[in-house]
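Going down the list, the protein sequences come from chains A and B.
Under UniProt numbering, the first residue of the first sequence carries the number 1, and numbering increases by one thereafter.
Under UniProt numbering, the first residue of the second sequence carries the number 1, and numbering increases by one thereafter.
Have a look at the structure below before the remarks.
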Amino acid sequence: MAPANTPHAKTQFGYRRHPDQDRSGSSPAEHPVVIVGAGPVGLSLAIDLAQRGQRVVLLDDADRIGEGSRAICFSKRSLEYWDRLGVGDRMVDKGVVWSVGRIFHGEQQLYQFNLLPEDGHKRPAFINLQQYYAEAYLVDRINELPEIDLRWRNKVTALEQRNDSAVLTIETPEGAYRLHAQYVIACDGARSSLRQMVGAEFAGQVFEDQFLIADVKMTAEFPTERWFWFDPPFHAGRSALLHRQPDDVWRIDLQLNRYADPVLEKKPENVRPRIARMLGHDKFEFEWISLYKFQCRRMDRFIHGRVIFAGDSAHQVSPFGARGANSGLEDAENLSWKLDRVLRGKSPAGLLESYHIERSMAADENIRESTRSTDFMAPNSHQEARLRKAVLALAKETEFGKRMVNGGRLSVPCSYETPLSSPDADAWAGGPRPGCSMLDAPVAERAYLTDAFRQGGTDFTLLSFSNGVAPDAPDGVKTIRIGGEKGLGDPSGLVARRYDAGPGAAYLLRPDGYVAARFRHPTREAIAAALSRAAGLN
Amino acid sequence: MPLSTSSNFARPDDAFRAIVEAHRGLTEEQSADFDATLVLILANHIGDIDVLREAIGLAKRRMIDGQQQQLQQQ
Numbered sequence: 001m002a003p004a005n006t007p008h009a010k011t012q013f014g015y016r017r018h019p020d021q022d023r024s025g026s027s028p029a030e031h032p033v034v035i036v037g038a039g040p041v042g043l044s045l046a047i048d049l050a051q052r053g054q055r056v057v058l059l060d061d062a063d064r065i066g067e068g069s070r071a072i073c074f075s076k077r078s079l080e081y082w083d084r085l086g087v088g089d090r091m092v093d094k095g096v097v098w099s100v101g102r103i104f105h106g107e108q109q110l111y112q113f114n115l116l117p118e119d120g121h122k123r124p125a126f127i128n129l130q131q132y133y134a135e136a137y138l139v140d141r142i143n144e145l146p147e148i149d150l151r152w153r154n155k156v157t158a159l160e161q162r163n164d165s166a167v168l169t170i171e172t173p174e175g176a177y178r179l180h181a182q183y184v185i186a187c188d189g190a191r192s193s194l195r196q197m198v199g200a201e202f203a204g205q206v207f208e209d210q211f212l213i214a215d216v217k218m219t220a221e222f223p224t225e226r227w228f229w230f231d232p233p234f235h236a237g238r239s240a241l242l243h244r245q246p247d248d249v250w251r252i253d254l255q256l257n258r259y260a261d262p263v264l265e266k267k268p269e270n271v272r273p274r275i276a277r278m279l280g281h282d283k284f285e286f287e288w289i290s291l292y293k294f295q296c297r298r299m300d301r302f303i304h305g306r307v308i309f310a311g312d313s314a315h316q317v318s319p320f321g322a323r324g325a326n327s328g329l330e331d332a333e334n335l336s337w338k339l340d341r342v343l344r345g346k347s348p349a350g351l352l353e354s355y356h357i358e359r360s361m362a363a364d365e366n367i368r369e370s371t372r373s374t375d376f377m378a379p380n381s382h383q384e385a386r387l388r389k390a391v392l393a394l395a396k397e398t399e400f401g402k403r404m405v406n407g408g409r410l411s412v413p414c415s416y417e418t419p420l421s422s423p424d425a426d427a428w429a430g431g432p433r434p435g436c437s438m439l440d441a442p443v444a445e446r447a448y449l450t451d452a453f454r455q456g457g458t459d460f461t462l463l464s465f466s467n468g469v470a471p472d473a474p475d476g477v478k479t480i481r482i483g484g485e486k487g488l489g490d491p492s493g494l495v496a497r498r499y500d501a502g503p504g505a506a507y508l509l510r511p512d513g514y515v516a517a518r519f520r521h522p523t524r525e526a527i528a529a530a531l532s533r534a535a536g537l538n
Numbered sequence: 001m002p003l004s005t006s007s008n009f010a011r012p013d014d015a016f017r018a019i020v021e022a023h024r025g026l027t028e029e030q031s032a033d034f035d036a037t038l039v040l041i042l043a044n045h046i047g048d049i050d051v052l053r054e055a056i057g058l059a060k061r062r063m064i065d066g067q068q069q070q071l072q073q074q
């Protein structure tokens, strides 16, 4: 239904025969990286690796971009990543920018929140954008990169793991062929067939409550905010969500009871009266209707031999909190630079283990947060419902009650406890500690620290604050200087403030923009030791 | 700061009485609602997750001990 409504984006692609298919089964073509699944995660990872100079084969079993708007909320962090991949502006130009959410109980507003209440960031807290637009823009970018070989209607049907490689059997409209890969990255979604092929469990908590998503097209006066209701007058006893997308499309999410008949509930003639009650009119058309239950679960290990899992194939969360696609994109940015270093022999294969450590930690955090939100929306027992009722009642007159109301805690980057970080040796009163994501700030009028970080490719970067002496950065480390004669400016003072940095201080940033180490008075030896640790060299 | 289990009220009977009286005239359901609300207010006032966890642990232990005593008496 949806792709028909996307006039500015190509969504249908053709199968093309590749010379690899002409090789005999006993001597398959060899490739360093094969990515399986051309969703937002696989597409982004392919671009990132290609920009680092890697050749990538990207396989997808379909020949078109998936139907329905699906993931719609993309976080600041994801936008900063997409900036590095060359698609950030396009996403933001098309997307609907928002940062304010409101929570209602019945007809009354309990409170509102602003996810980015301060100025001085290049990107907003969130944009809403239909997933099919995001995928279409990523495919357009891929077409500019000769390193990527995107093959539609190529379905992986078998996997053979060897000591130092994997062999895939791939089904196409013209028959099967085989590919030999040093690494296979499985970005093939929640129903991952690669996950089944490695025989990994995917256990977790199943939620019985059902939710109905309806994307409706209408012209409406609602502000561009996330509105969430507990027990709204138009949908008694349950929860509802209203959120704007581009093209006058609105996402409506209604909680149904756990015994609702999915076939009946999905019929437009049954959905229409519910939505009409919510909106107070029926001047809308359906774009997409979907009924879903969800699970919160993750794989035990994200790495199985030469197959590495990223995105929904590795972990699944409830949708309340925008932690699905955004965490998948964080997987991609975490994995890309590590895989690139390993393939170049610059770091040992052990560096990849830190991908599992860091991203499984993030998955646990996302699962914890989204499970708490879901339990709050759909209490599991009479007593849980009673406690929720008490919180909602207290929220009307107390600050602490408002803060306990959980209508979704929205995605923010995880802080890693990781062997790649060097612990602080100096005293810091603020700023991102090692294992945290870098913070943005203006370095000139309409120029930002995240721009400076991405310029010239993202590698290890020393962000230093001038004291008149240039810090001694080890070879292969990019430098960004704030202040001094040749340095960038800090017109609002926000860079120094957000990094709690005095003259001479320095931060060592990883290629994914995470802090590896920081120093009040850096020495060449200390920086080199931190670099070596962050690169998995000791 | 650990959970304080020494007597903190100058007049403990007044405190106990205040809670008892708050429940007077309530149905079982209303009493349970009231307790839930009161627990949340007091938990926030304490504002220390470790103390709260210790308090929850103590309450759980007393419940389990109570059940065991009941079983022994039967």
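Ideal placement from N, C-alpha and C gives every residue a C-beta, glycine not left out.
Item: Rounded C-alpha distance that separates residue 84 (chain A) from residue 535 (chain A); Value: 20 Å
Item: Contact under 9 Å by Cβ, residue 138 (chain A) with residue 43 (chain A); Value: yes
Item: Interfacial residues, the region 382 to 393 of chain A to chain B, with Cβ spacing under 8 Å; Value: 383, 386, 387, 389, 390, 391, 393
Item: Endpoints, the beta strand (DSSP E) within which residue 177 (chain A) is located; Value: 175 to 186
Item: Residue 439 (chain A) versus residue 43 (chain B) - alpha carbon distance; Value: 34 Å
Item: Whether residue 116 (chain A) touches residue 336 (chain A) by CB criterion (9 Å); Value: no
Item: Reduced DSSP category for residue 211 (chain A) - H, G, I as helix; E, B as strand; rest coil; Value: strand
Item: Below-9 Å beta-carbon distance, residue 37 (chain B) vs any chain A residue; Value: yes
Item: Interface positions of the region 22 to 35 of chain B facing chain D (Cβ-Cβ less than 7 Å), listed along the chain; Value: The structure shown contains no chain D; its protein chains are A and B.
Item: Nearest-angstrom Cα separation, counted from residue 282 (chain A) out to residue 273 (chain A); Value: 8 Å
Item: Residue from A:474, A:300, A:505, A:227 with nearest C-alpha to residue 525 (chain A); Value: A:474
Item: Integer-rounded CB distance, given that residue 377 (chain A) should sit under 8 Å from residue 239 (chain A); Value: 5 Å
Item: Residue 392 (chain A) beta carbon less than 9 Å from that of residue 401 (chain A); Value: yes
Item: As assigned by DSSP and simplified to three states, the class of residue 286 (chain A); Value: strand
Item: Any C-beta of chain A under 9 Å from that of residue 40 (chain B); Value: yes
Item: C-alpha gap between residue 250 (chain A) and residue 101 (chain A), whole angstroms; Value: 15 Å
Item: Beta-carbon proximity check, residue 517 (chain A) vs residue 508 (chain A), cutoff 9 Å; Value: yes
Item: Nearest-angstrom Cα separation, counted from residue 131 (chain A) out to residue 34 (chain B); Value: 45 Å
Item: C-alpha gap between residue 468 (chain A) and residue 485 (chain A), whole angstroms; Value: 8 Å
Item: Which of helix, strand or coil DSSP assigns to residue 336 (chain A); Value: helix
Item: Backbone CA spacing between residue 514 (chain A) and residue 148 (chain A) [nearest angstrom]; Value: 26 Å
Item: Nonlocal neighbours in the same chain, by C-beta distance under 7 Å from residue 360 (chain A), ignoring five residues either side; Value: 298, 302
Item: Chain-ordered chain B contacts of residue 400 (chain A) [CB-CB under 7 Å]; Value: 44
Item: Residues that residue 482 (chain A) bridges to, as DSSP identifies them; Value: A:465, A:488
Item: Reference residue 172 (chain A), options A:124, A:61, A:26, closest by Cα; Value: A:61
Item: For residue 114 (chain A): DSSP bridge partner residues; Value: A:100
Item: Pick from A:490, A:499, A:457, A:154 that is closest to residue 476 (chain A), judged by C-alpha positions; Value: A:457
Item: Proximal residues to residue 54 (chain A) (C-beta, below 7 Å), its chain only, five neighbours per side dropped; Value: 32, 33, 147, 340, 343
Item: Where residue 46 (chain B) sits in the DSSP three-state scheme; Value: helix
Item: For residue 210 (chain A) and residue 260 (chain A), the rounded distance between their alpha carbons; Value: 7 Å
Item: Cβ shell of residue 165 (chain A) (< 7 Å), same chain only, five flanking positions each side left out; Value: 180, 181, 182, 306
Item: Minimum C-alpha distance to residue 519 (chain A) - residue among A:512, A:500, A:247; Value: A:500
Item: Rounded C-alpha distance that separates residue 2 (chain A) from residue 460 (chain A); Value: Its pLDDT being 40, under 50, residue 2 (chain A) is placed unreliably by the model, and the measurement read from it follows with that caveat. Answer to the nearest angstrom: the Cα atoms are 41 Å apart.
Item: Residue 128 (chain A): first and last residue of the uninterrupted beta strand (DSSP E) it sits in; Value: 126 to 128
Item: Residue 205 (chain A): first and last residue of the uninterrupted beta strand (DSSP E) it sits in; Value: 204 to 206
Item: Buried versus exposed call for residue 416 (chain A) [16 or more other C-beta atoms within 10 Å across all chains shown]; Value: buried
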